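Here the structure is laid out as structure tokens; the discussion comes afterwards.
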Amino acid sequence: MTSRDPLRYFRIEARELVDQISSGVLDLDQQPEPDVVARLLRFAHTLKGAARVVKQQEIADRAHEFEEVLVPHRDERVPALPADQMRELLRLNDEIAGYVTALSAPAAAPPAPVEPEAPIRTVPLNEPTTQAEVDQAHVDAELARGADAASDRPERAATADLDDLLDAIGEASSRIAPLRDGGRTLARLHRKVETLGERMRIGRTTVSDSSARTSVRRLAGELGALGRRLTDAVDQVERELDEVRGRAEGLRLVPAGSIFTALRRAVRDAADGEGKRVRFQASGADVRMGPNLLNLISGAFLHVVRNAVVHGIEPEAQRLAAGKPAEGTVGVHVERRGRYAEFRCVDDGRGFDLAALRRTAEERGLLAPGADPAPQALIDLVLHGGISTAPGVTDVAGRGIGMDVARDVALQLGGEVSIVNRPGEGATVRLVVPLTLLSMNGLIVEAGGTTATMPLDSVLRCVRLSADEMAAATATARLAHEREVLPFLPLSQALRIAPAEGGAGSGVAVVLAADRDTVAIGVDRLAGTSTLVARPLPDLAPAAPVIGSVSIDLDGNPRLVLDAHGLVAEARQESTTARGDSSLPVKPRMPILVVDDSLTTRMLERSILESAGYEVDLAASGEEGLEKARARRYGLYLTDIDMPGIDGFTFVARTRADPALGHVPAILVSSRASAEDRRRGTEVGASAYVVKGEFNQEELLAHIRRLIL
Amino acid sequence: MTAGPGSVARRVRRLREDFDQSFAEPARSHDEEHFELLTIRAGGRPYAIKLSQSSGVHPDRPVTPLPGPQPALLGLAGFAGAVVPVYDLAALLGHPVGEVPRWLVLAAGTPRLGLAFHELDGHVRAAATDIIRDSGETGDDGGHGLGGTLRGLVDLPGGSRPIIDIPAMRSLVHALAGHAQAADEEDAP
Numbered sequence: 013m014t015s016r017d018p019l020r021y022f023r024i025e026a027r028e029l030v031d032q033i034s035s036g037v038l039d040l041d042q043q044p045e046p047d048v049v050a051r052l053l054r055f056a057h058t059l060k061g062a063a064r065v066v067k068q069q070e071i072a073d074r075a076h077e078f079e080e081v082l083v084p085h086r087d088e089r090v091p092a093l094p095a096d097q098m099r100e101l102l103r104l105n106d107e108i109a110g111y112v113t114a115l116s117a118p119a120a121a122p123p124a125p126v127e128p129e130a131p132i133r134t135v136p137l138n139e140p141t142t143q144a145e146v147d148q149a150h151v152d153a154e155l156a157r158g159a160d161a162a163s164d165r166p167e168r169a170a171t172a173d174l175d176d177l178l179d180a181i182g183e184a185s186s187r188i189a190p191l192r193d194g195g196r197t198l199a200r201l202h203r204k205v206e207t208l209g210e211r212m213r214i215g216r217t218t219v220s221d222s223s224a225r226t227s228v229r230r231l232a233g234e235l236g237a238l239g240r241r242l243t244d245a246v247d248q249v250e251r252e253l254d255e256v257r258g259r260a261e262g263l264r265l266v267p268a269g270s271i272f273t274a275l276r277r278a279v280r281d282a283a284d285g286e287g288k289r290v291r292f293q294a295s296g297a298d299v300r301m302g303p304n305l306l307n308l309i310s311g312a313f314l315h316v317v318r319n320a321v322v323h324g325i326e327p328e329a330q331r332l333a334a335g336k337p338a339e340g341t342v343g344v345h346v347e348r349r350g351r352y353a354e355f356r357c358v359d360d361g362r363g364f365d366l367a368a369l370r371r372t373a374e375e376r377g378l379l380a381p382g383a384d385p386a387p388q389a390l391i392d393l394v395l396h397g398g399i400s401t402a403p404g405v406t407d408v409a410g411r412g413i414g415m416d417v418a419r420d421v422a423l424q425l426g427g428e429v430s431i432v433n434r435p436g437e438g439a440t441v442r443l444v445v446p447l448t449l450l451s452m453n454g455l456i457v458e459a460g461g462t463t464a465t466m467p468l469d470s471v472l473r474c475v476r477l478s479a480d481e482m483a484a485a486t487a488t489a490r491l492a493h494e495r496e497v498l499p500f501l502p503l504s505q506a507l508r509i510a511p512a513e514g515g516a517g518s519g520v521a522v523v524l525a526a527d528r529d530t531v532a533i534g535v536d537r538l539a540g541t542s543t544l545v546a547r548p549l550p551d552l553a554p555a556a557p558v559i560g561s562v563s564i565d566l567d568g569n570p571r572l573v574l575d576a577h578g579l580v581a582e583a584r585q586e587s588t589t590a591r592g593d594s595s596l597p598v599k600p601r602m603p604i605l606v607v608d609d610s611l612t613t614r615m616l617e618r619s620i621l622e623s624a625g626y627e628v629d630l631a632a633s634g635e636e637g638l639e640k641a642r643a644r645r646y647g648l649y650l651t652d653i654d655m656p657g658i659d660g661f662t663f664v665a666r667t668r669a670d671p672a673l674g675h676v677p678a679i680l681v682s683s684r685a686s687a688e689d690r691r692r693g694t695e696v697g698a699s700a701y702v703v704k705g706e707f708n709q710e711e712l713l714a715h716i717r718r719l720i721l
Numbered sequence: 005m006t007a008g009p010g011s012v013a014r015r016v017r018r019l020r021e022d023f024d025q026s027f028a029e030p031a032r033s034h035d036e037e038h039f040e041l042l043t044i045r046a047g048g049r050p051y052a053i054k055l056s057q058s059s060g061v062h063p064d065r066p067v068t069p070l071p072g073p074q075p076a077l078l079g080l081a082g083f084a085g086a087v088v089p090v091y092d093l094a095a096l097l098g099h100p101v102g103e104v105p106r107w108l109v110l111a112a113g114t115p116r117l118g119l120a121f122h123e124l125d126g127h128v129r130a131a132a133t134d135i136i137r138d139s140g141e142t143g144d145d146g147g148h149g150l151g152g153t154l155r156g157l158v159d160l161p162g163g164s165r166p167i168i169d170i171p172a173m174r175s176l177v178h179a180l181a182g183h184a185q186a187a188d189e190e191d192a193p
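So the sequences go chain by chain: A and B. Position one of the first sequence corresponds to residue 13 (the numbering used here), numbered consecutively onward. Position one of the second sequence corresponds to residue 5 (the numbering used here), numbered consecutively onward.
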């Protein structure tokens, strides 16, 4: 293949080098270390050489100047670049990046005239030594990954992903071998049958011959075995191909880390403009999503991080006076939450100036004078535009533009933006957007003849259930598992599939966790795991909440991807309904014993429990509680800690020590909220700990439902 | 990062759609006096569909059932990597839901929508004069269709058949799904 475009390889290489230089300069700025200088010199030098070969003099010159700035610092133990040199490096970095970008723009700037035959010297993209040194280099691993993954360009699909894909393809190919063996075996059997048939035809062998019967039996056996082998092999090939497809689809997605370098640079520039020292942190570089989505978010977050530096981070003197480190921190954290991606910008600055916000809001007529909105209501005003807390409008931030952009992007992507203000300690801007395409690992399950995928992230474990256990769990909508009673929901019920003929057989309970809740979902069998790309349900397909998204299987048919949150909610509800349903042969519910010295608490708890349908007995002290506990069978103890006489810890400990009472779960309800108390609670054997201050009826009932059979 | 990879993707998508569309659209009749019609049965009753309002007819396409609030929504089918919701025409027409329909017709327009029916009787060309009470006429829509989903009747050998108006069917589905019928959605690749 002759390369008619002499710049073809240079473009790729130059982009890679520019990315590495951009990220290296920021490393140097934040953490001056000799190996960063060495690394940058190497990149610049490589770029200079390559640029000269393809006659890109401007780039070569800038790379040379870049080197010139760095060379004097090569041997310094701690490279100390004066601010103006640092700025010069950043400027050169930008210029080089500009030239390189211009090279890639198709119509812009026709490539420099070069003889088509000119030999092109290309440096391997990932020279092993370079890569190894890069890896060793003391850089923030996340940032490095971010820069490494900075690719919204097809030429540079992250190498590791391609390796994974190739592995998967290799694996799939290797599964072909048994099929080929099977083919040979089949040919051999075919010959045997023909021989046998021929002998029968010419009458040499008759059906009554015992040798003929033996041959036929043997053939039947071999054919059966071959059939099983082939089925296994095809199953395996299918699974591997599924994996291949999932990984290939994943290549279309871009890691979130690819926007980190730009954000880091924005923080750096804003800090420089403000004369502040700010450290940039990032996490979640590996979360993958569609490039369009990421581009939009990157645009919004550029404003958000700048705002954080300009409005949030205080000048050094103020920080020191407030007992904070002189250097401020701005962090960008990306996390996947089910079908959503969460982008957080966290700073440790002063937080939003509520008084200033109120003043501005009043001036703008957004707030009636004298009104006293809650702090969060004021903060929310920022999101609605037109308000900035900056005393002066600077060139990098001000007028609340950042928040407007963030809000617009959220709106455009169907997401949400929110702000958490911690006065004096900083602020968090959170942008949550739904992911249209999402690469995930799925657990493939079968129920009632349907195949569906569960997000593997949410699966805690799988438990095999016998036919009897399955039937019992289905009838009661509950499953006892590891000393807990979990709501149980057969998947076929969640998917509204008629139950299999002849009742349920054995199966598997998939224990799922979501929303800090755990439930068990009954399936017929597990069919492996796979990497898949989940896409949203089509607009015209309203679905039950248990369905999260859809993926495409090997045959091109849609396969449902279940939503863990939806399943948990449905299992909870079904379980509660089943319990309330008197037609079901459920054991009568056992009463609850409330132990508390405060009359108010006793009455409050009794009314909550009774209105939830429980029978309640009361005890005013630990001693009375013990007495009652021994006199009647309870389903649960609910006890205060601080009581005259024996306290709640003791009450729990004593009941745990009593073989007749030890199995009855106990919940501690107390105004003590310390970790130490919680730990003690766990130690004595309490099943849950509810703080009265945060007393939440639903939380309490959730605990009770979880614990009581 | 600013050189728009999105614009290329958009262009490719448009080209691809145009290409697909050129196949999906039936060769237009030069004779304005005629209509291409599919004669079908849904819920045991005869109907006709204008071919120009559809973009494909498929038999035995696997449909993944989708539990949800819409009984008329049979589920999802895959078409060249796209996931298409499939509704039961009989149910949309208000007939009792019987057996699972075998055929499905893709409605023209976006977002993609499949309408399933039980039997395909054939493909006929009907003269405009054979169509009575065509669209544009006010009042009686000539049948039991919900929300004007039937527009006119066509006289064919073997009896007259109500014509199912696919755009009206689409509007009905949009209403059922609670989805505003809007211009093209902005979708990420």
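In this text, a Cβ means the ideal position worked out from N, Cα and C, and glycines have one as well. In this text the structure is predicted, and so the values were computed from the model without any measurement.
Where residue i falls: helix, strand or coil (DSSP)
i              : result
residue 175(B) : helix
residue 626(A) : coil
residue 24(A)  : helix
residue 526(A) : strand
residue 250(A) : helix
residue 67(B)  : coil
residue 42(A)  : helix
residue 293(A) : strand
residue 602(A) : coil
residue 646(A) : coil
residue 116(B) : coil
residue 540(A) : strand
Chain B residues whose Cβ lies nearer than 7 angstroms to that of residue i
i              : result
residue 562(A) : 80, 87
residue 508(A) : 71
residue 176(A) : Simply none; closest approach about 21 angstroms.
Environment of residue i [buried if 16+ CB atoms lie within 10 Å]
i              : result
residue 310(A) : buried
residue 715(A) : buried
residue 76(B)  : buried
residue 261(A) : buried
residue 330(A) : exposed
residue 168(B) : buried
residue 210(A) : exposed
residue 71(A)  : buried
residue 29(A)  : buried
residue 456(A) : buried
residue 572(A) : buried
residue 104(B) : exposed
Contact set between residue i and chain A, taken where Cβ atoms lie within less than 9 angstroms
i              : result
residue 176(B) : Simply none; closest approach about 11 angstroms.
Sequence-distant residues of the same chain with beta carbon closer than 7 angstroms to residue i, five excluded per side
i              : result
residue 105(A) : 33, 34, 37
residue 348(A) : 299
Under 9 angstroms from the C-beta of residue i: neighbouring residues of chain B
i              : result
residue 556(A) : 70, 71, 72, 73
residue 569(A) : 65, 66, 67, 68, 80, 81, 82
Within chain A, the residues that residue i reaches when beta carbons sit closer than 8 angstroms
i              : result
residue 10(B)  : 303, 304, 307
residue 181(B) : 551, 552, 553, 554
residue 117(B) : 552
Near the ligand ATP: residue i beta-carbon under 6 angstroms from a heavy atom
i             : result
residue 86(A) : The ligand content of the structure shown is nil, which means the ligand ATP is not present either.
Where residue i meets chain B, residues with beta-carbon distance less than 8 angstroms
i              : result
residue 503(A) : Residues of chain B passing the Cβ test: none, with the nearest at roughly 11 angstroms.
Interface partners of residue i on chain A, CB under 7 angstroms
i              : result
residue 132(B) : Under the 7 angstroms cutoff, chain A gives no residues; its nearest Cβ is about 32 angstroms from residue 132(B).
Sequence-distant residues of the same chain with beta carbon closer than 6 angstroms to residue i, five excluded per side
i              : result
residue 387(A) : 366
residue 312(A) : 417, 418, 421
CB-CB length for residue i against residue j, believed under 8 angstroms
i              : j              : result
residue 657(A) : residue 635(A) : 5 angstroms
residue 489(A) : residue 587(A) : 4 angstroms
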